[in-house]
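Residue numbers (numbering that gives the first Met the number 0), protein chains in the order written: chain A, 0 to 115; chain B, 0 to 259.
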Amino acid sequence: MTDGNDGKAHRDENTGDDLTEFSARLSAKQKAHHRSEHAPSRGSAIGMAFRLSTEMVAGLVVGGGMGWLLDRWLGTAPWFLLVFFVLGMAAGILNVFRTARELSAQAARQAEEDDG
Amino acid sequence: MAAENGHGAEGGLGVDPMHQFEITTIIPLEFGGIDASFTNSALWMVISAALITGLTVFGMSGRAMVPGRLQSVAELSYEFVANMIRDNVGSEGQRYFPFIFTLFMFVLFSNMVGMIPYSFTVTSHIIVTFGLAMVIFLGVTVIGFAKHGLRFFEFFVPKGIPVVLVPLLVVIEVISYLTRPVSLSVRLFANMMAGHTMLKVFAGFVVAFVGAGGALTGLAIGPLAFMVAFTGLEILVAFLQAYVFAILTCIYLNDALHMH
Chain A
0 MTDGNDGKAH
10 RDENTGDDLT
20 EFSARLSAKQ
30 KAHHRSEHAP
40 SRGSAIGMAF
50 RLSTEMVAGL
60 VVGGGMGWLL
70 DRWLGTAPWF
80 LLVFFVLGMA
90 AGILNVFRTA
100 RELSAQAARQ
110 AEEDDG
Chain B
0 MAAENGHGAE
10 GGLGVDPMHQ
20 FEITTIIPLE
30 FGGIDASFTN
40 SALWMVISAA
50 LITGLTVFGM
60 SGRAMVPGRL
70 QSVAELSYEF
80 VANMIRDNVG
90 SEGQRYFPFI
100 FTLFMFVLFS
110 NMVGMIPYSF
120 TVTSHIIVTF
130 GLAMVIFLGV
140 TVIGFAKHGL
150 RFFEFFVPKG
160 IPVVLVPLLV
170 VIEVISYLTR
180 PVSLSVRLFA
190 NMMAGHTMLK
200 VFAGFVVAFV
210 GAGGALTGLA
220 IGPLAFMVAF
230 TGLEILVAFL
240 QAYVFAILTC
250 IYLNDALHMH
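Now the structure itself:
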């Protein structure tokens with residue numbers, strides 16, 4: 000309560016110069032706050048590595064699984080498994096590529112924000 | 000040797016790091032041959048849901064202009080998710096705010112509640128995370144078809160490629176689309192499980208060193224210090240994984256709404 004009153008009294012005394020100086024300090028603080036608030040999106044290096052590897056493994060698992068199921072259904076073992084395993088690999092690489100592109104775009108945006 | 004005694008978790012120095020993930024039945028239930036028992040997993044889900052409800056209902060009950068601590072937390076989480084949706088999906092995404100908010104808070108609270116000793120981490124079981132991921136995947140696909148009709152299939156046809164390559168690339172794109180629920184669920188589950196197992200393994204080292212007695216007792220400080228640092232990291236991971244889970248849902252939703 001008393002804090003609020005003190006702040007008010009102080010504000011009344013402020014001259015124009017003080018205000019411009021204050022707003023400069025405030026915007027610097029806000030920028031720093033903004034930066035720290037968005038830190039999680041950058042993630043740690045291990046998090047990034049983990050994200051990329053799960054994308055790759057997921058591609059292989061889904062591709063291989065689809066091939067295996069098709070083989071079981073059509074009785075054509077092992078042909079669909081072989082083909083879909085390779086396709087799954089391609090899908091995994093595609094996913095890794097997309098995630099990496101997105102991550103680097105994020106990093107570039109972050110760097111821009113930090114500079115600006 | 001301790002690790003080999005996987006099932007003999009009780010007693011002795013053999014601290015089984017996987018024991019924490021065991022499902023135990025609290026109230027046995029069965030519906031038409033399906034085991035629907037109320038387990039420790041279900042209990043901790045209910046606790047997470049109750050905590051979230053408590054935070055939002057009691058936090059906002061004051062409706063103060065200058066928020067108190069609890070109200071601040073409730074408002075911050077609202078703004079955090081609202082901003083996430085605005086940045087990643089745009090204004091149309093606000094319709095799906097309740098779903099994404101619920102999802103984010105549930106994953107976050109499950110992860111955080113799991114950090115309490117003797118609790119159970121719901122998200123360390125792949126079936127739970129896969130269930131969540133499947134709901135997102137199916138929901139987003141339905142939204143895509145509802146919004147674009149059959150034109151949604153164009154999503155799987157990359158633009159500007161030779162006609163000969165189209166069939167091959169469509170198959171690859173479809174597989175890539177189908178990996179979404181897998182990578183989404185595996186990421187969350189593996190992070191939570193790996194972290195919690197690691198904590199228990201190092202806790203086991205502390206117990207073993209102290210149990211060894213003599214000069215070796217002093218060595219226990221090493222793994223203990225590591226555990227303190229690692230617990231901090233785990234809390235960060237708990238938040239980060241909830242964030243990643245929610246933001247990927249936003250990205251998938253954006254793909255379904257805007258198709259690119």
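For every residue, glycine included, the Cβ atom is placed at its ideal position computed from N, Cα and C.
It should be emphasised that the depicted structure is a prediction, and the values quoted were computed from it without experimental measurement.
- Sequence-distant partners of I51 (chain B) (beyond 5 residues in either direction) whose C-beta falls short of 6 Å from its own C-beta, in its chain, are M104 and F108.
- Counting of Cβ neighbours within 10 angstroms places P166 (chain B) among the exposed residues, the total staying below 16.
- Residues of the segment 100-114 of chain A that bring their beta carbon within less than 7 Å of a beta carbon in chain B are absent altogether.
- For T248 (chain B), the uninterrupted alpha helix (DSSP H) segment begins and ends at I220 to H257.
- Only V60, V61, G62 and M65 from the segment 59-78 of chain A bring a Cβ to less than 8 Å from some Cβ of chain B.
- Sixteen is the threshold: since fewer than 16 other Cβ atoms of the shown chains lie within 10 Å of the Cβ of N82 (chain B), the residue is exposed.
- Taking C-alpha positions only, T120 (chain B) is separated from T128 (chain B) by approximately 11 Å.
- Inclusion of V112 (chain B) and A245 (chain B) in the CB contact set at 9 Å is not warranted, their separation being larger than that value.
- T52 (chain B) has no beta-bridge partner at all, per DSSP.
- Looking at the DSSP output, E29 (chain B) bridges to B:D34.
- Taking a beta-carbon distance threshold of 9 Å, S182 (chain B) counts as an interface residue toward chain A.
- Here the alpha carbons of I84 (chain B) and F96 (chain B) stand approximately 7 Å from one another.
- Looking only at B:K199, B:V227, B:G210 and B:T101, the smallest Cα-Cα distance to T248 (chain B) is reached by B:T101.
- In this structure, the alpha-carbon of H195 (chain B) lies about 19 Å from that of R50 (chain A).
- The C-beta distance from L232 (chain B) to V88 (chain B) rounds to 30 Å, too long to fall under 8 Å, and the pair is not in contact.
- For the segment 81-94 of chain A, the set of residues with a beta-carbon nearer than 8 Å to any beta-carbon of chain B comprises F83, L86, G87, A89, A90, G91, L93 and N94, in chain order.
- Counting only the Cα atoms, Q29 (chain A) lies some 12 Å from F21 (chain A).
- Close CB contacts of V209 (chain B) within its chain, under the 6 Å cut and outside five residues either way in sequence, are with T216 and A219 (chain order).
- Contact fails between the segment 59-72 of chain A and the segment 125-142 of chain B, because fewer than three Cβ pairs, one in each stretch, are under 8 Å apart.
- In terms of beta-carbon proximity, A57 (chain A) lines the interface with chain B, with at least one pair separated by less than 9 Å.
- Relative to V243 (chain B), the option among B:S90, B:A132 and B:S118 whose CA is nearest is B:A132.
- For the pair S182 (chain B) and A48 (chain A), the CB atoms are not nearer than the 9 Å cut-off.
- Around the CB of L73 (chain A), fewer than 16 other CB atoms lie within 10 Å, so the residue is classed as exposed.
- When the beta-carbon positions are compared, L69 (chain A) and F84 (chain A) stay at least 9 Å from each other.
- For N190 (chain B), at least one C-beta of chain A is nearer than 9 Å to its own C-beta.
- Looking at the DSSP output, T24 (chain B) sits in a beta bridge with B:T38.
- The criterion of a C-beta distance shorter than 9 Å is not satisfied by I160 (chain B) and A90 (chain A).
- Within a 10 Å sphere around the beta-carbon of M191 (chain B) sit 16 or more other beta-carbons, which makes this residue buried.
- Secondary structure of A106 (chain A) (DSSP, three-state): helix.
- Annotation: Cβ neighbours of T53 (chain A) in chain B (cutoff 8 Å, chain order): S182, V185, R186 and A189.
- Between D34 (chain B) and L42 (chain B), the CB-CB gap reaches or exceeds 9 Å.
- In the DSSP annotation of this structure, the continuous segment of the alpha helix (DSSP H) that includes M65 (chain A) starts and ends at A44 to L73.
- Contact between G58 (chain B) and V72 (chain B) holds: their C-beta atoms lie close to 6 Å from each other, under 8 Å.
- Taking the Cβ atoms as the reference, F225 (chain B) lies roughly 24 Å from F188 (chain B), outside the contact range of under 8 Å.
- Restricting attention to alpha helix (DSSP H) runs no shorter than 4 residues, the segment 43-108 of chain B encloses them at 68-87, ordered along the chain.
- From the beta-carbon of V170 (chain B), the residues of chain A found nearer than 7 Å are L86.
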